[in-house]
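Asks: Top line first, the protein sequences correspond to chains Z and P. Quick note, the numbering used here runs 242 ahead of the 1-based positions in the first sequence. Quick note, the numbering used here runs 26 ahead of the 1-based positions in the second sequence.
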Amino acid sequence: MEKHIAINGDSAVALAWKQIDPDVCAAYPITPQTIIVEKFAEYVANGEVSTEFVCVESEHSALTLCTTASSAGARTFTATASQGLAYMWEMMPIAASMRVPLIMAVANRAVSGPIDIHNDHGDVMAARDCGWISLFAENVQEAYDLSIIAPRISEHHDVQLPALMNLDGFILTHATERITPLDDSIVKKFVGEFKPLYPLLDVKRPISHNLMDGPMFYFPHKYQMVLAMNNAFRVTKDVFSEFGKISGRKYNIVEEYKCDDAECIAVVLGSSFGTMKEAIDQLRKEGKKVGVAMPRLYRPWPIEELAKLMKGKKAVIVMDKHLSVGSYGPMFPEVVAAALETGSMPKMYNYIYGLGGADTMVSDFVSVFKDIEAGKAKRINFLGVKE
Amino acid sequence: MSSLALKDLSKIPDRLASGHRLCAGCPESIIARQIMMGTEKDIVVSCATGCFEVSTTIFPYTSWKTPYIHTAFGNGAATCAGVETAYQALKRKGKIKEDVKFVTFAGDGGTYDIGIQALSGAAERGHHMLYVCFNNEAYMNTGIQRSSATGKGASTTTSWAGEVMPGKKEFPKDMTMIMAAHGIPYVAQTAPHAWRDMVQKAQKAFNIDGPSFINAITPCPRGWRFTPDKTIDISRLAVETCVWPLFEVENGTNYNLSGESQRIADGKMEKKPITEWINSQGRFSHLKGEKWASVVESMQAEVDRKWTALIKLCNL
Chain Z
243 MEKHIAINGD SAVALAWKQI DPDVCAAYPI TPQTIIVEKF AEYVANGEVS TEFVCVESEH
303 SALTLCTTAS SAGARTFTAT ASQGLAYMWE MMPIAASMRV PLIMAVANRA VSGPIDIHND
363 HGDVMAARDC GWISLFAENV QEAYDLSIIA PRISEHHDVQ LPALMNLDGF ILTHATERIT
423 PLDDSIVKKF VGEFKPLYPL LDVKRPISHN LMDGPMFYFP HKYQMVLAMN NAFRVTKDVF
483 SEFGKISGRK YNIVEEYKCD DAECIAVVLG SSFGTMKEAI DQLRKEGKKV GVAMPRLYRP
543 WPIEELAKLM KGKKAVIVMD KHLSVGSYGP MFPEVVAAAL ETGSMPKMYN YIYGLGGADT
603 MVSDFVSVFK DIEAGKAKRI NFLGVKE
Chain P
27 MSSLALKDLS KIPDRLASGH RLCAGCPESI IARQIMMGTE KDIVVSCATG CFEVSTTIFP
87 YTSWKTPYIH TAFGNGAATC AGVETAYQAL KRKGKIKEDV KFVTFAGDGG TYDIGIQALS
147 GAAERGHHML YVCFNNEAYM NTGIQRSSAT GKGASTTTSW AGEVMPGKKE FPKDMTMIMA
207 AHGIPYVAQT APHAWRDMVQ KAQKAFNIDG PSFINAITPC PRGWRFTPDK TIDISRLAVE
267 TCVWPLFEVE NGTNYNLSGE SQRIADGKME KKPITEWINS QGRFSHLKGE KWASVVESMQ
327 AEVDRKWTAL IKLCNL
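#1: Quick one: residues in its chain with C-beta nearer than 7 Å to the C-beta of L216(Z), no 5 flanking neighbours on either side, listed in chain order?
#2: Once you ignore the five residues that flank M334(Z) on each side, which residues in its own chain have a CB closer than 6 Å to its CB?
#3: For the alpha helix (DSSP H) containing H463(Z), name the first residue and the last one.
#4: Please name the residue in S450(Z), M367(Z) and H463(Z) whose C-alpha comes closest to that of G571(Z).
#5: Got a sec? Which residues, its chain only, sit under 6 Å from E79(P) by beta carbon, not counting five neighbours each side?
#6: Could you check the C-alpha separation between P237(P) and L307(Z) for me, to the nearest Å?
#7: Can you name the residues of chain Z whose CB is closer than 9 Å to the CB of G108(P)?
#8: According to DSSP, P537(Z) sits in a beta bridge with which residue or residues?
#9: Output yes or no for whether 7 Å exceeds the beta carbon distance between D265(Z) and S324(Z).
#10: Would you list the one or two residues that DSSP bridges to I345(Z)?
#11: How should D387(Z) be labelled, buried or exposed, when 16 other C-beta atoms within 10 angstroms of its C-beta is the threshold for buried?
#12: Short check: CB of V510(Z) to CB of M552(Z), under 7 Å?
#13: Find the nearest neighbour of F232(P) within the set I69(P), A264(P), F197(P) and R118(P), judged by alpha-carbon distance.
#14: Are the region 414-430 of chain Z and the region 248-266 of chain Z touching, with three or more C-beta to C-beta distances below 8 Å?
#15: Would you identify the three-state DSSP class for L377(Z), choosing helix, strand or coil?
#16: Here's the rule: buried if 16 or more other CB atoms are within 10 angstroms of the residue's CB, otherwise exposed. What is P254(P)?
#17: DSSP three-state label for P588(Z), please.
#18: Quick check: is the beta carbon of D68(P) nearer than 7 Å to any beta carbon in chain Z?
#19: Just to confirm, is the Cβ distance from A175(P) to Y212(P) under 7 Å?
#20: Residues in its own chain within less than 8 Å of S396(Z) by CB, not counting five upstream and five downstream?
#21: Return helix, strand or coil for R420(Z), following the three-state DSSP convention.
#22: Classify M63(P) as buried or exposed, calling it buried when 16 or more other Cβ atoms lie within 10 Å of its own Cβ.
#23: As a quick exercise: from K297(P), T279(P) and G278(P), pick the residue whose alpha carbon is nearest that of S287(P).
#24: Enumerated in chain order, which unbroken segments of the alpha helix (DSSP H) with a length of 4 residues or greater are wholly contained in the region 28-106 of chain P?
#25: Among D200(P), K178(P), M166(P) and S173(P), which has the Cα closest to the Cα of E323(P)?
#26: Run down chain Z in chain order and give the residues with a C-beta less than 7 Å from the C-beta of V158(P).
#27: Using a beta-carbon distance below 7 Å, is I262(Z) in contact with chain P?
#28: M561(Z) by DSSP, collapsed to three states: which one?
#29: Which term fits E302(P), buried or exposed, when burial requires 16 or more other beta carbons within 10 angstroms of its beta carbon?
#30: For the region 79-91 of chain P against the region 46-56 of chain P, do three or more pairs of beta-carbon atoms, one drawn from each stretch, fall closer than 8 Å, so that the two count as touching?
#31: Reducing DSSP to helix, strand and coil, say where K556(Z) ends up.
#32: If the cut is a Cβ gap below 8 Å, which residues of chain Z does K127(P) touch?
#33: With a CB to CB cut of under 7 Å and the five nearest residues on each side skipped, what residues in its chain are close to S181(P)?
#34: Measure the beta-carbon distance from I240(P) to A214(P) and round it to whole angstroms, keeping in mind my assumption that it falls under 8 Å.
#35: Can you pull the chain P neighbours of H246(Z), defined as C-beta to C-beta under 8 Å?
#36: Pick helix, strand or coil for L511(Z), following the three-state DSSP scheme.
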């Protein structure tokens, strides 16, 4: 019989990692991620995991330790948010270019300043170009599931890239929801044994890790990462399909809700997908042909799937929970670029919303579709801010 | 300390190949070899960004015959700590059989300045690793900029000797004492001319249970402005003038002098004046006249003050 539990998002991530039982975890506290490492430290204290748990003196060292532990041949994970991710930034592209399999949960939180502990996607968007795979969870169940799925993608020898597992700060990290965890043995079997390529600790076959590149080699090395990211699509589809078989839960590269016959669709990331589904249901009752989609994978960016989704649509609304001040939201140009592949460009709108945790209700999302229908929307719109 | 025979040291495999790209007269490879002679066990080397890193690992070549890893500049200690943590986990699980030693090499910029946080953290956590600072008293890899290890009066490309400035105005930070204050099992200062001292200290460091720190004065011909044949002489002069005493600190409290420093303290050898140190290097050439006489006086006074304090600690 399936077992249901009530658990918050952070604890669900910690539970998944307890079941995986990694070799190394190095972490530093930061709201709203802290529950993950607190909970994991409890598992360590009670002997429920065999992990070397290192309480480092900073996030910079957290990501450094995790990167080199993985290089050394250990399965490794960590978690952070906001300023922590910002402090790690120097190590983000280094970890990716060293091609270390490594999972980091990001409890998405606004980046200072002003300082604000609440949710938006400013942290992960600032790290988007670093060469990490990036996955988004809509709810607590997904945060748990993706924590188990992520190592399989990251560690695959055709990929070998670190991965971020994003869950919205407070909205998911601190919200208690009902989830259905898998049995320990099923998780362990699914994740399998870590099989590192060229581990540093293979002392009988000495290898130098992370040498200095000149202009002759830097670009070709970066291109190898492009190929690895491309492979991540196939690997992710395979892993999603395999996970479906053990859990009955189906995941897609791009998740869709009532998009098939929709004329106008929204594209969102994270927990807003759930709120938006409710808005779609209300609008559908009024006879509006609307839908919503969420790129489950933000990196690699699913151009093909998004183009297929947008083909023939009249309008696409890109909901960005971050703002590149002086330009669009970060996802808007990427959705527009993907729409180029459709042959005929839908009307494209960008809504910036929810910055710093500004509450965004179902009624706010309903108003977005109504504004567009009424011709009141501009190219860039700031939802709920008096302009 | 135990006796060391060159014949025995020659049997220890050389983990650093010749043909690296360090400058003529640079002692970093000398120091690294002396340090690694401190153990016959397998060694994993990590480097902070700096001269040594760029000179030994220009892709597609590597000078390293032993596992080597580098990530960034300010995290040399954390880079090593991650590998050591993986080792503890994998060894406990029986996935690694060998006994492995860990050593980090970093410059003074990567140790005294940008790397102090990661180093302090690693020391407090007790990782089983030796951290070696190549102290050449400035950011040499980027072109001789002052660091907090740069001596007072030294002209660098960010602390020029000019009409109104005598070079660097401040005395250096005492990193060896800062590390000793962590109470870690082993901390030492050494110098490349004193090869026996260096190898013995490395042996001690590799054999203790926990973190260790060795600060090695690293005379830099380019940055200090002397000819490449003088490196070893200048190293010796640093000790003979008491600018760089040879000593060790066990568990943060047990201080011992060694080599020339012990002989000077015992009255068996003369302590040379700071002017000999100043006259040996072009970076101090502006201090030779009357104009900056007070700077030279203050440098001597500081050396004397610190030397007296060190002797007191060693006599406790």
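Beta carbons: idealized from backbone N, C-alpha and C, even for Gly.
Replies: Working from what's here:
#1: Residue coverage of chain Z in this structure runs from 243 to 629, which leaves residue 216(Z) outside it and unanswerable.
#2: The sequence position of residue 334(Z) within the first sequence is 92, counting from 1. Cβ neighbours of M334(Z) beyond the five flanking positions: A369 and C372.
#3: Your numbering for residue 463(Z) matches position 221 in the first sequence. First-last of the alpha helix (DSSP H) with H463(Z): P457 to S489.
#4: Within the first sequence, numbered from 1, the residue matching residue 571(Z) stands at position 329. Checked all of S450(Z), M367(Z) and H463(Z); the closest Cα to G571(Z) is M367(Z).
#5: The residue you call residue 79(P) lines up with position 53 of the second sequence. Same-chain partners within the cutoff: C73 and H96.
#6: In the second sequence, the residue the question calls residue 237(P) occupies position 211. In the first sequence, the residue the question calls residue 307(Z) occupies position 65. Those two C-alpha atoms are separated by around 16 Å.
#7: What you label residue 108(P) is simply residue 82 of the second sequence in a count that begins at 1. In chain order: V266, A268, V296, S303, T306, L307, C308, T309, T310, A311, S312, S313, A314, A316 and T318.
#8: Walking along the first sequence from the start, residue 537(Z) turns up at place 295. Paired residues: V496(Z).
#9: Start at 1 with the first residue of the first sequence, and residue 265(Z) comes out as number 23. Start at 1 with the first residue of the first sequence, and residue 324(Z) comes out as number 82. In this structure, S324(Z) does not lie closer than 7 Å to D265(Z) by Cβ.
#10: Walking along the first sequence from the start, residue 345(Z) turns up at place 103. According to DSSP, I345(Z) bridges with F319(Z) and A405(Z).
#11: For the purposes of this step, residue 387(Z) is identified with residue 145 of the first sequence, where counting begins at 1. By the 10 Å Cβ count, D387(Z) comes out buried.
#12: Taking the first residue of the first sequence as 1, we reach residue 510(Z) at position 268. Taking the first residue of the first sequence as 1, we reach residue 552(Z) at position 310. Result no, Cβ atoms of V510(Z) and M552(Z) do not sit closer than 7 Å.
#13: Position 206 of the second sequence, counting from 1, holds the residue named residue 232(P). Per the Cα distances, I69(P).
#14: yes
#15: Here residue 377(Z) corresponds to residue number 135 of the first sequence, with the count starting at 1. If DSSP states are grouped into helix, strand and coil, L377(Z) belongs with the strands.
#16: Locating residue 254(P) in the second sequence gives position 228, counting from the first residue. So P254(P) counts as exposed.
#17: On the first sequence, residue 588(Z) is found 346 positions in, with the first residue counted as 1. Looking at P588(Z) - three-state DSSP - the assignment turns out to be coil, as it is neither helix nor strand.
#18: Reading the second sequence from its first residue, position 42 is the one you call residue 68(P). With 7 Å as the cut-off, D68(P) counts as an interface residue toward chain Z.
#19: If you number the second sequence from 1, residue 175(P) lands on position 149. If you number the second sequence from 1, residue 212(P) lands on position 186. For A175(P) and Y212(P), no; Cβs fall outside 7 Å.
#20: Against the first sequence, residue 396(Z) aligns to sequence position 154. Hits under 8 Å: P343, L344, I345, I375, Q402, L403, P404 and A405.
#21: Sequence index remark: in the first sequence, residue 420(Z) carries index 178 (1-based). Of the three classes helix, strand and coil, the one that applies to R420(Z) here is strand, per DSSP.
#22: Translated into the one-based positions of the second sequence, residue 63(P) becomes position 37. Its Cβ being crowded by 16 or more others within 10 Å, M63(P) is buried.
#23: On the second sequence, residue 287(P) is found 261 positions in, with the first residue counted as 1. Selected option, being the one with the closest Cα: K297(P).
#24: 32-35, 54-62 and 77-82
#25: For the purposes of this step, residue 323(P) is taken as residue 297 along the second sequence, with counting starting at 1. Looking at the Cα atoms, K178(P) is the closest of the given residues.
#26: Locating residue 158(P) in the second sequence gives position 132, counting from the first residue. Here the premise fails: no neighbours, minimum Cβ distance about 17 Å.
#27: In the first sequence, residue 262(Z) corresponds to position 20, counting from 1. By this cut-off, I262(Z) is not an interface position.
#28: Here the question's residue 561(Z) lines up with position 319 in the first sequence. Correct three-state label for M561(Z): strand.
#29: Mapped onto the second sequence, residue 302(P) falls at position 276. E302(P) is exposed by the Cβ-count criterion.
#30: yes
#31: Here residue 556(Z) corresponds to residue number 314 of the first sequence, with the count starting at 1. Note: K556(Z) maps to coil in three-state DSSP.
#32: Within the second sequence, the letter at position 101 stands for residue 127(P). The contacting residues do not exist; K127(P) stays about 10 Å from chain Z at best.
#33: Translated into positions along the second sequence, residue 181(P) becomes position 155. Excluding residues within five positions, the ones whose Cβ falls inside 7 Å are A187, G193, R309 and H312.
#34: Locating residue 240(P) in the second sequence gives position 214, where the first residue counts as 1. Locating residue 214(P) in the second sequence gives position 188, where the first residue counts as 1. Their Cβ separation, rounded to whole angstroms, is 5 Å, which keeps I240(P) and A214(P) in contact under 8 Å.
#35: Along the first sequence, read from residue 1 onward, the residue named residue 246(Z) stands at position 4. What H246(Z) touches in chain P: nothing, since even the nearest Cβ is about 33 Å away.
#36: Reading the first sequence from its first residue, position 269 is the one you call residue 511(Z). Note: L511(Z) maps to coil in three-state DSSP.
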